[in-house]
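Chemist: If you're matching positions, the sequence shown starts at 1074 in the numbering used here and goes up one per residue.
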Amino acid sequence: MNNKRLWAPWRSAYVTAIDQKKKGCVFCRIHSEQKDKKNLIFKRSQHCFAVLNIFPYNNGHAMVIPYRHVGELRKLTKFEKQDLLDTLEYAQALLDKVLKPQGYNIGINVGRLAGAGFPNHFHIHIVPRWKGDVNFMPVTAGTKVISQSMTVVFKELCREDQRRNRKA
Ligand SMILES: [Zn+2]
1074 MNNKRLWAPW
1084 RSAYVTAIDQ
1094 KKKGCVFCRI
1104 HSEQKDKKNL
1114 IFKRSQHCFA
1124 VLNIFPYNNG
1134 HAMVIPYRHV
1144 GELRKLTKFE
1154 KQDLLDTLEY
1164 AQALLDKVLK
1174 PQGYNIGINV
1184 GRLAGAGFPN
1194 HFHIHIVPRW
1204 KGDVNFMPVT
1214 AGTKVISQSM
1224 TVVFKELCRE
1234 DQRRNRKA
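In structure tokens form, the structure reads like this:
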């Protein structure tokens, strides 16, 4: 396993490439836009949301993001932190069901130096992993990779979410 490959995507192009012309925070924007299907937001909870990364490192690469625009974990309330972890766990359960990965990289980049594409709005990455997946989808800055498979994965995640809500 090549460590560089494992970590490089985390400073991924999500925000460096996305809508450079539009000002402001992309996470705040997609949260407030209320176009969850277009923005690939597959789960909303009380304090945060889960979204597929449109510049994925791997199939199903998602992020869990608090609604509030804060850059650091310590600035979140304990309720937000609890909800963030609960939503992370829930997103992982959906990904488990839909994609059946063999593992995950789950992590946080703090600061641009450490690879945060957008350091001012805290977020947690969750990246499904499979044996031999290192060449799956190299991240290319400036290249938008909303592929057919992402739309399919998104729909399946939403379907699984609805199925669980019916049961609950
Ligand atoms: Zn923001």
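C-beta atoms are modelled at their ideal positions from N, C-alpha and C, and glycine is treated no differently.
No experiment lies behind these values; they were computed from the predicted model shown.
Is F1100 near ligand 1, going by C-beta to nearest heavy atom under 6 angstroms?
Modeler: Result yes, Cβ under 6 angstroms from ligand 1.
Chemist: Check the C-beta distance from V1137 over to A1164 and give it rounded, since I have them as a contact under 8 angstroms.
Modeler: With 8 angstroms as the limit, V1137 and A1164 qualify as a contact, their Cβ atoms being about 6 angstroms apart.
Chemist: May I have the straight-line CA-CA distance separating R1239 from L1186, to the nearest angstrom?
Modeler: Straight-line Cα distance between these residues: approximately 43 angstroms.
Chemist: Once you ignore the five residues that flank E1229 on each side, which residues in its own chain have a CB closer than 6 angstroms to its CB?
Modeler: Excluding positions up to five away in sequence, the list reads V1171.
Chemist: What is the C-beta distance between N1131 and D1206, in whole angstroms, given that I count them as a contact (C-beta under 8 angstroms)?
Modeler: At roughly 6 angstroms, the Cβ-Cβ gap stays under 8 angstroms, so N1131 and D1206 are in contact.
Chemist: Taking DSSP as the reference, what is the three-state secondary structure of K1108?
Modeler: Coil.
Chemist: Ends of the alpha helix (DSSP H) at K1148?
Modeler: No alpha helix (DSSP H) contains K1148, which DSSP labels as neither H nor E.
Chemist: Flag this pair as yes or no: are the beta carbons of I1114 and V1099 separated by less than 7 angstroms?
Modeler: Result no, Cβ atoms of I1114 and V1099 do not sit closer than 7 angstroms.
Chemist: Assuming D1156 and C1121 form a contact by the criterion Cβ under 8 angstroms, report the distance between their Cβ atoms to the nearest whole angstrom.
Modeler: D1156 to C1121, Cβ: 6 angstroms. Contact.
Chemist: Beta-carbon within less than 7 angstroms of W1203's beta-carbon, same chain only, minus the 5 sequence neighbours each way: which residues are those?
Modeler: Taken in chain order, the residues that qualify are P1174, Q1175.
Chemist: Can you tell me the Cα-Cα spacing of F1227 and I1127, whole angstroms?
Modeler: Distance between the alpha carbons of F1227 and I1127 is about 11 angstroms.
Chemist: For E1145, count neighbouring Cβ atoms within 10 angstroms of its own Cβ and tell me buried if that reaches 16, exposed if not.
Modeler: Classification of E1145: exposed, given that the 10 Å Cβ count is below 16.
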